[in-house]
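What follows is a short report on a single structure.
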Amino acid sequence: MKMLKEKIAAEGIVLNENVLKVDSFLNHQIDPVLMAAIGKEFALLFKAEKITKILTLESSGIAPSVMAGLELGVPVVFARKRKSLTLTEELYTADVYSFTKKESNTIAVSMKHLSKEDHVLIIDDFLANGQAALGLCRIAEGSGAKVAGIGIVIEKAFQEGGELLRNSGYRVESLAEISSLAGGSAVFKEEAKI
Ligand code: 5GP
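For the sequence shown, counting from 1, position 118 maps to 346 in our numbering; every step adds exactly one.
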C-alpha cells in the first residue's frame, strides 16, 4: 500500500535491526486519514469472506480495526491485556509472549462477543513472530468461530510469524512488508509485477 509505505519511509524510526517505531501515526499518535485508507484496503481484500466480526488486540490494533469495521459494517472486538474489574463475564483466554515487552501476557475476550456463527477477521498493527496473531486465532477458534483471515498493517517478513501463520493454513494479508531493517532504514519487499 503506497501511502503506508511512504509514511513508514518518511516517519518510521528504526530502533534496531528488529524493531520499527511508528508512533507518529500508528502506535501513539494516530493519523486518521491513513487509518481510513487502511480500513478501505482491508475491506477490499477481505470483502468476499463474509466477515461478521473483527478481532484485534489492545491498543494499537484498535484504530485500523475500527476503520475496517466501518467499511465492512461489522463490530470490532479487542482482546484485553490486563484484567479489568468490569470484565466479569466468562472469558476466552490465550497466553501470548510479547515481542516488544519480552514477557508473557494473558489476553482475554468476553464469551458474549464471539460465537460459532462468526467469520472473524483478525487485524493487528505488526507481525513479527506471530504470537499475538496466533493467540487471537486461538481465542476466536475457542469460541467455535471461523478465522476467515488475518490482516496486518506492517509485516516484518524477515521474522518468522508470516511463515508460521501461512503454513498453519491462515490467509494473511499485509499492507506493507518489510524485508530488512538492518541498514537503519526500512527496506520493502518487492511487490509482484503483473
Ligand atoms: P508478534 O506477536 O508477531 O511477535 O509481534 C506482534 C506484536 O508485537 C504486535 O501486536 C505489536 O504490538 C508488537 N510489535 C512487533 N514488532 C514490532 C515493531 O517492530 N514495532 C512495534 N512498534 N511493535 C511491534
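Beta carbons are placed, not taken as given, at the ideal position from N, Cα and C, and that holds for glycine.
Taking the Cα positions, Tyr320 is about 15 angstroms away from Ala361. Tyr320 is bridged by DSSP to Val337. Of all C-beta pairs linking the region 377 to 394 to the region 272 to 292, three or more are shorter than 8 angstroms, placing the two stretches in contact. In this structure, the CA atom of Glu405 is about 11 angstroms from the CA atom of Ala356. Taken from the Cβ of Ser332, every heavy atom of the ligand 5GP lies 7 angstroms or farther away. Look at Asn395: its beta carbon is at least 7 angstroms from all of the heavy atoms in the ligand 5GP. When the beta-carbon positions are compared, Lys233 and Phe253 stay at least 8 angstroms from each other.
Distance from the Cα of Leu403 is smallest, within the candidate group Ala336, Asp259, Val261, Pro292, for Pro292. The shortest C-alpha to C-alpha distance from Glu299 to any of Phe416, Arg366, Lys278, Ala307 is the one to Lys278. Per DSSP, reduced to three states, the secondary structure at Leu409 is coil, with no helix or strand assignment. Close CB contacts of Ala336 within its chain, under the 6 angstroms cut and outside five residues either way in sequence, are with Arg308, Leu319, Thr321 (chain order). Here Asp346 is buried: its Cβ has 16 or more other Cβ atoms, across all protein chains shown, within 10 Å. Put simply, of Val375, Lys249, Met229, Glu245 the residue whose alpha carbon is nearest the alpha carbon of Tyr398 is Val375. In the three-state scheme derived from DSSP, where H, G and I count as helix and E and B as strand, Glu401 is classed as strand.
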